[in-house]
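Take a look at the structure set out below.
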Amino acid sequence: MFSYRHAFHAGNHADVLKHTVLIATLEHLLEKDTALTVVDTHAGAGLYRLDGDYAGTSGEASDGILRLLAPKQAAAAVALAAPAQGAAKKSPKPAAPPDAPMAPAIHAYLDLVRAFNPNGGARVYPGSPFITHHLLRDHDKLKLFELHPTDARTLDANIAQLEAGRQIAVLREDGFGSATKFLPPPSRRALVLCDPSYEMKTDYGRVLDLIGESLKRFATGTYAVWYPIIPRPEAHDLPRRLKTMATKAGKSWLHATLTVKSSKVLTTVTGDQKRPGLPASGMFLINPPYTLKGRLQPALEQLKVLLAQDRHAAFSLDSGG
Ligand code: SAM
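Numbering follows the working numbering, with no gaps: position 265 of the sequence shown is 251.
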C-alpha cells in the first residue's frame, strides 16, 4: 500500500482529461451564487514540480500538458528538467502551433495551468486541490482527503501558504470511508471528486460503495469519478456499474474516455515484454452539468489528436438519464 505517488504522473494525459473535465464542471457549478462545497476524496500533494526529480524521471508530462502548451514553453520546461533522465530523452512533440485555436474547455485548462507559471514555462503543475481552489469563491468550501504520510504533509504545507483559513480543510483520513460526513453540505450544493490511485483492486469496489452511499445521503450532488482503462475486469466493470447505479437512482450521467495509445504489451527484439504504460482513462459523472457534454465534445476531438501516441488514439463521450 502507498507505493503510488502522484508526483510521477502529474500533468500526464490522464491528468489532462481529469482536470479539463473538473474545470468545465466547476465553471458551470460556480455560475450560481449559492455556496458550493467540493469534496476531493483523494487529493494528492496539491502542487507538483515538472522540473523536479519525480516528474523528470517518468517524463509523463511531456506526453500530456507539455504537448498542449506552446512549443517554446514545452521545450523550455523539458530543458529545465534536463538533469533527470526520462524527460530529457523524450521529445515533447507539441502538436499544435502556439496560436492554434483551442476548444474553450482546453483553453480554460491551459489558462489555469499558466496562472501557476507567471514567468512562462510549466515548472509548476496544479493538482486537483489547487485547480479547485483557484476557481472557488470566498464563500465556497473545499474538503481535502489524503492518506499518504508524505503527500499529506506536503499538501498541508502547500495549503497553509494559501492562508485560506476555514475555507479549506485538509484531512489525513480515508477518503472512501469519511467523505460522506460532508454530505449534504448546509448549502445543499456539492461536487465530489473521487480520484483514487487504484493501487489495490479493492479500490474499484470502494468507489462504488462511496458513490452509492453518497447518492443515498445526497441525491442531487454532482459526483465525478476518474478511473484507468486497463485490461483488468474491475476497471472494465466500474463505469458500467456506475451507469447502472445512476440509472436506478433516476439520475443523469456522463461518461468521457480518452485513449492515447494501444494497450497491447509489446515484445522487444530481445524477447522482453514491455508494458505500454497507461493507455487510456475515463471520467464518469453523475448529475453532470447539462452544459458539460457540449463543452467536452470539441475538447475531446482535439485532445485525441494532440495527445495521440499511436494510431489507436480515440475518445468517447456518452450521456444518459
Ligand atoms: N486528485 C489528485 C489530482 O488530481 O491532483 C491526484 C490524486 S492521486 C491519483 C491519488 C491519491 O490518493 C494519492 O496521493 C494517494 O496517496 C491517495 N490515497 C490513497 N488511498 C487513499 C485513501 N483511502 N484516502 C485518501 N487518500 C488516499
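Glycine included, C-beta positions come from ideal geometry on N, C-alpha and C. No experiment lies behind these values; they were computed from the predicted model shown.
Could you tell me which residues DSSP puts in a beta bridge with Ser302?
Thr243
Alpha carbon to alpha carbon, how far is Thr253 from Pro171? Give it in angstroms, no decimals.
52 Å
Check whether the Cβ of Lys187 sits closer than 8 Å to any heavy atom of the ligand SAM, and report yes or no.
no
Only counting the same chain, and skipping five residues up and downstream in sequence, which positions put a Cβ closer than 8 Å to that of His93?
none
Identify, in the order they occur along the chain, each residue of the same chain with its Cβ nearer than 8 Å to the Cβ of Val110, setting aside the five sequence neighbours on each side.
Leu33, Tyr34, Arg35, Leu36, Phe102, Asn103
From the DSSP output, in three-state form, read off Ala285 for me.
helix
Which of the three DSSP states is assigned to Lys290 in this structure?
helix
Less than 6 Å between C-beta atoms, sequence neighbours within five positions excluded: which residues of the same chain meet that for Ser302?
Thr243
Just to confirm, is the Cβ distance from Phe131 to Ser164 under 9 Å?
yes
In chain order, each beta strand (DSSP E) run of at least 3 residues that lies wholly inside the segment 171 to 246:
176 to 180, 208 to 214, 239 to 245
Answer with buried or exposed for Lys58, where buried requires no fewer than 16 other C-beta atoms within 10 angstroms of its C-beta.
At Lys58, the pLDDT of 48 sits below 50, so the modelled position is not reliable; the number obtained from the coordinates is stated separately. Looking at its Cβ environment, which holds fewer than 16 other Cβ atoms inside 10 Å, Lys58 is exposed.
Selection from Pro214, Gly207, Leu133 that minimises the alpha carbon distance to Phe168:
Gly207
Would you say Ile272 and Ile215 are within 9 Å of each other, going by their C-beta atoms?
no
Work out the CA separation of Ala266 and Ala29 for me, nearest whole Å.
21 Å
Say the cut is 8 Å; is the CB of Leu179 nearer than that to a heavy atom of the ligand SAM?
yes
Lys4 CB to nearest heavy atom of the ligand SAM below 8 Å
yes
Heavy atom of the ligand SAM within 8 Å of Gly163 beta-carbon
yes
Could you tell me if Thr6 is buried or exposed, where buried requires 16 or more neighbouring beta carbons within 10 angstroms of its beta carbon?
buried
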